[in-house]
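Visitor:
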Amino acid sequence: MSHAAPVSRSFSASGPLRGRVRVPGDKSISHRSLMFSALAVGESRISGLLEGEDVLATAAAMRAMGADVARGDDGIWTVHGVGVGGLLQPRTALDMGNSGTSTRLLMGLVASHPITVTFTGDASLSARPMNRVIDPLSRTGAAFTASPGGRLPLMVRGLCPAVPIEYRLPVASAQVKSAILLAGLNTPGITRVIEPVPTRDHSERMLVGFGAKLDVETESDGTRIISLHGEAEFRPQVIDVPGDPSSAGFLIVAALIVPGSDVVVENVGLNPTRAGLIEILRAMGGDITLLDERIVGGEPVADVAVRHSSLTGIEVPPEIAPSMIDEFPILFIAAACAQGQTVTRGLDELRVKESDRISVMAEGLAAIGVIATETPDGLIIQGSGGDPLPGGGTIASRLDHRIAMSFVIAGLVSKSALTIDDIAPIATSFPDFFSLVEILQNRVVQTP
Numbered sequence: 001m002s003h004a005a006p007v008s009r010s011f012s013a014s015g016p017l018r019g020r021v022r023v024p025g026d027k028s029i030s031h032r033s034l035m036f037s038a039l040a041v042g043e044s045r046i047s048g049l050l051e052g053e054d055v056l057a058t059a060a061a062m063r064a065m066g067a068d069v070a071r072g073d074d075g076i077w078t079v080h081g082v083g084v085g086g087l088l089q090p091r092t093a094l095d096m097g098n099s100g101t102s103t104r105l106l107m108g109l110v111a112s113h114p115i116t117v118t119f120t121g122d123a124s125l126s127a128r129p130m131n132r133v134i135d136p137l138s139r140t141g142a143a144f145t146a147s148p149g150g151r152l153p154l155m156v157r158g159l160c161p162a163v164p165i166e167y168r169l170p171v172a173s174a175q176v177k178s179a180i181l182l183a184g185l186n187t188p189g190i191t192r193v194i195e196p197v198p199t200r201d202h203s204e205r206m207l208v209g210f211g212a213k214l215d216v217e218t219e220s221d222g223t224r225i226i227s228l229h230g231e232a233e234f235r236p237q238v239i240d241v242p243g244d245p246s247s248a249g250f251l252i253v254a255a256l257i258v259p260g261s262d263v264v265v266e267n268v269g270l271n272p273t274r275a276g277l278i279e280i281l282r283a284m285g286g287d288i289t290l291l292d293e294r295i296v297g298g299e300p301v302a303d304v305a306v307r308h309s310s311l312t313g314i315e316v317p318p319e320i321a322p323s324m325i326d327e328f329p330i331l332f333i334a335a336a337c338a339q340g341q342t343v344t345r346g347l348d349e350l351r352v353k354e355s356d357r358i359s360v361m362a363e364g365l366a367a368i369g370v371i372a373t374e375t376p377d378g379l380i381i382q383g384s385g386g387d388p389l390p391g392g393g394t395i396a397s398r399l400d401h402r403i404a405m406s407f408v409i410a411g412l413v414s415k416s417a418l419t420i421d422d423i424a425p426i427a428t429s430f431p432d433f434f435s436l437v438e439i440l441q442n443r444v445v446q447t448p
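Take the sequence shown: its letter number 312 is residue 312 in UniProt numbering, and every next letter is one higher.
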């Protein structure tokens with residue numbers, strides 16, 4: 001799977017954004033819905049699945065390992081699973097495109113199956129280190145042959161029965177936690193993950209929903225101890241995927257910074273481990289109201305009403321980082337439009353995403369006239385005080401969908417048009433991004 005040819009495009013100041021829109025399904029939940037359904041015996045049905053390139057890479061991988069995965073004309077996906085322990089040897093390497101989530105979680109699944117799988121990816125994914133997953137999974141007995149630096153292409157030789165492990169996460173990472181738990185599904189005994197800093201808990205919620213026996217203890221200091229009883233038997237499920245809060249974040253920030261805007265983003269997943277962006281934007285003075293709060297498929301959901309606001313820079317508590325790690329690029333754009341200085345720290349994880357998001361955002365902000373100081377683990381951003389951003393520069397998106405979308409939003413409040421060298425990667429996570437912006441602008445926006 002490879003990206004389309006680069007598509008360069010320029011963006012400049014927009015009129016008010018107004019209306020109601022619904023963002024695509026949550027990417028994290030979409031990945032897990034396909035994987036877990038493929039491990040159930042029987043037919044699962046999934047509505048609201050994100051149909052971006054990353055999730056489609058997961059669907060293709062599950063097909064390659066024996067599951068029957070299909071999309072109906074009504075948009076409902078059906079998955080006939082092979083059962084825990086039933087994954088088959090794929091005939092060729094699994095091309096994961098740009099999806100780090102797919103790769104790391106599937107490495108965990110494969111680790112406890114008696115199969116050998118080779119993972120490949122695009123240039124961006126192939127630059128991302130996989131040692132943080134390789135190290136704990138090696139303790140289960142799986143064997144890995146990786147490219148230099150623990151990168152793709154890499155080969156996993158699973159072991160069955162694998163060895164249950166207890167692993168304390170050295171860094172907060174839902175992907176590493178999930179990979180270990182997924183390896184534990186087909187492993188006799190109890191696999192235990194100790195999580196000093198809580199991360200998104202979609203895996204735990206969905207594992208229980210499918211029938212796994214899983215216990216979570218929380219110690220007085222907030223450390224979570226997650227114990228999974230192996231050799232699980234999964235029951236098929238009907239899943240309604242809520243809207244992706246990371247995707248919603250771009251439209252929420254756009255409504256806050258574009259004068260005169262009044263927007264409602266419907267059906268947004270607000271899992272407490274994912275809702276940090278809204279908390280921080282409110283702390284900066286953002287007018288954000290949650291409407292019709294409800295529970296859908298075990299996940300909290302609400303419609304998010306947002307009005308243009310005068311934002312004030314703050315010091316972002318580093319402990320909130322795990323609950324909004326993917327949203328920091330768009331938070332940096334909000335900070336660029338705020339009054340005063342915004343300080344962020346504890347963002348080491350951003351340096352090993354699709355790009356080094358600290359450096360790439362610092363470069364991009366500087367290119368459009370924003371004063372941004374890079375630190376080892378964050379950015380210090382001097383806001384415009386609500387004035388339009390200067391704009392006028394060219395942004396290198398570095399094959400990173402969140403970088404590209406963040407600067408599209410920055411363009412909507414820039415005096416001079418800014419140019420993004422490649423907006424094609426946006427399709428990996430938010431294929432409807434431009435069409436939703438078009439709806440809110442009430443004017444035609446050409447899609448890539």
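C-beta: ideal position from N, C-alpha, C; glycine also.
#1: What whole-angstrom Cβ distance do Met361 and Leu379 have, given they're in contact under 8 Å?
#2: Taking Cβ positions, are Leu39 and Phe234 nearer each other than 7 Å?
#3: Which residue wins for smallest C-alpha separation from Val133, given the options Ala123, Val193, Pro161?
#4: Helix, strand or coil: which one does DSSP assign to Met405?
#5: So what's Val445 in DSSP terms, helix, strand or just coil?
#6: Output the boundary residues of the beta strand (DSSP E) element that contains Val193.
#7: So, under 8 Å CB-CB, Val117 and Leu137 are touching, yes? Tell me the CB distance rounded to an integer number of Å.
#8: Among Gly72, Arg104, Ser47, whose alpha-carbon lies nearest the alpha-carbon of Ala61?
#9: Give the DSSP-derived three-state secondary structure of residue 481 in the structure shown.
#10: Can you tell me whether DSSP reads Ala60 as helix, strand or coil?
#11: For Gly141 and Ala174, I'd like the C-alpha separation in whole angstroms.
#12: Around the C-beta of Val444, are 16 or more other C-beta atoms found within 10 angstroms, so that it is buried, or is it exposed?
#13: What is the rounded straight-line gap between the Cα of Arg224 and the Cα of Val23?
#14: Measuring straight from C-alpha to C-alpha, what distance separates Pro259 and Ser47?
#15: Curious, which full-length alpha helix (DSSP H) runs of at least 4 residues does the segment 167 to 218 contain?
#16: Give every residue of the same chain whose Cβ lies closer than 6 Å to the Cβ of Leu34, excluding the five residues on either side of it in the sequence, and list them in chain order.
#17: What do you get for Thr218, buried or exposed, if any count of 16 or more other CB atoms within 10 angstroms of its CB means buried?
#18: Where does Thr375 fall in DSSP's three states?
#19: For Ala183 and Lys353, I'd like the C-alpha separation in whole angstroms.
#20: Report, in whole angstroms, the separation of the C-beta atoms of Arg20 and Glu279, which I expect to be a contact under 8 Å.
#21: So the candidates are Asp240, Val197, Glu231, Leu49; which of them puts its Cα closest to the Cα of Ser220?
#22: Output the distance between the C-alpha atoms of Gly85 and Ala172, rounded to the nearest integer angstrom.
#23: So, with DSSP's three-state summary, where would you put Pro431?
#24: Going straight from the alpha carbon of Ser246 to that of Val253, what length do you get?
#25: Using a Cβ-Cβ cut-off of 6 Å (strictly less than) and excluding sequence neighbours within five positions of Ser261, which residues of its own chain qualify?
#26: Does the separation of the CB atoms of Arg274 and Arg357 fall below 7 Å?
#27: Evaluate contact between the segment 335 to 345 and the segment 286 to 303, counting only Cβ atoms and requiring at least three cross-stretch pairs below 8 Å.
#28: Strictly by DSSP, which residues pair up with Glu279?
#29: If we count the other Cβ atoms within 10 Å of its Cβ and call it buried at 16 or more, is Asn131 buried or exposed?
#30: Less than 6 Å between C-beta atoms, sequence neighbours within five positions excluded: which residues of the same chain meet that for Thr185?
#31: Whether or not the segment 391 to 410 and the segment 359 to 378 are in contact is what I'm after, with contact meaning three or more pairs of Cβ atoms, one per stretch, closer than 8 Å; do they touch?
#32: Cα separation between Leu143 and Gly222?
#33: Compute the Euclidean distance between the alpha carbons of Gly66 and Ala127, then round it to the nearest angstrom.
#34: Go to Ser44, then tell me how far its alpha helix (DSSP H) extends in each direction, as first and last residue.
#35: Measuring straight from C-alpha to C-alpha, what distance separates Gly286 and Gly189?
#36: How far does the beta strand (DSSP E) with Leu418 in it extend, from its first residue to its last?
Guide: In short, the structure shows the following:
#1: 7 Å
#2: For Leu39 and Phe234, yes; Cβs fall inside 7 Å.
#3: Val193
#4: helix
#5: With a pLDDT of only 42 at Val445, under 50, the local geometry of the prediction cannot be trusted, and the value read off the model is given with reservation. DSSP places Val445 in coil when its eight states are reduced to three.
#6: 190 to 195
#7: Actually they are not in contact, since the Cβ atoms of Val117 and Leu137 sit about 12 Å apart, beyond 8 Å.
#8: Arg104
#9: No statement about residue 481 is possible, as the shown extent of the chain runs from 1 to 448 and does not include it.
#10: helix
#11: 22 Å
#12: Note that Val444 scores 44 on pLDDT, short of 50, meaning its location in the model is unreliable and no value can be drawn from it.
#13: 31 Å
#14: Roughly 35 Å between the two C-alpha positions.
#15: 174 to 185, 202 to 210
#16: Thr58, Ala59, Met62
#17: exposed
#18: strand
#19: 23 Å
#20: The Cβ separation is near 23 Å, so there is no contact.
#21: Val197
#22: For Gly85 and Ala172, the gap between their C-alpha atoms comes out near 28 Å.
#23: coil
#24: 11 Å
#25: Pro16, Leu17, Ala255, His308
#26: no
#27: Three or more beta-carbon pairs separated by less than 8 Å are not found between the segment 335 to 345 and the segment 286 to 303, which leaves the two stretches without contact.
#28: Bridge partners of Glu279: none, in fact.
#29: Answer is exposed; the Cβ neighbour count stays below 16.
#30: According to the sequence as given, residue 185 is Leu; it is not Thr. Cβ-Cβ distances below 6 Å link Leu185 to Val84, Ala232 in the same chain, with the five nearest sequence neighbours on each side left out; the list follows chain order.
#31: yes
#32: The sequence given here places Ala at residue 143; Leu does not occur at that position. Their Cα atoms are separated by approximately 33 Å.
#33: 29 Å
#34: Here Ser44 belongs to no alpha helix (DSSP H); instead the beta strand (DSSP E) covers 43 to 47.
#35: 48 Å
#36: Per DSSP, the unbroken beta strand (DSSP E) holding Leu418 starts and ends at 418 to 420.
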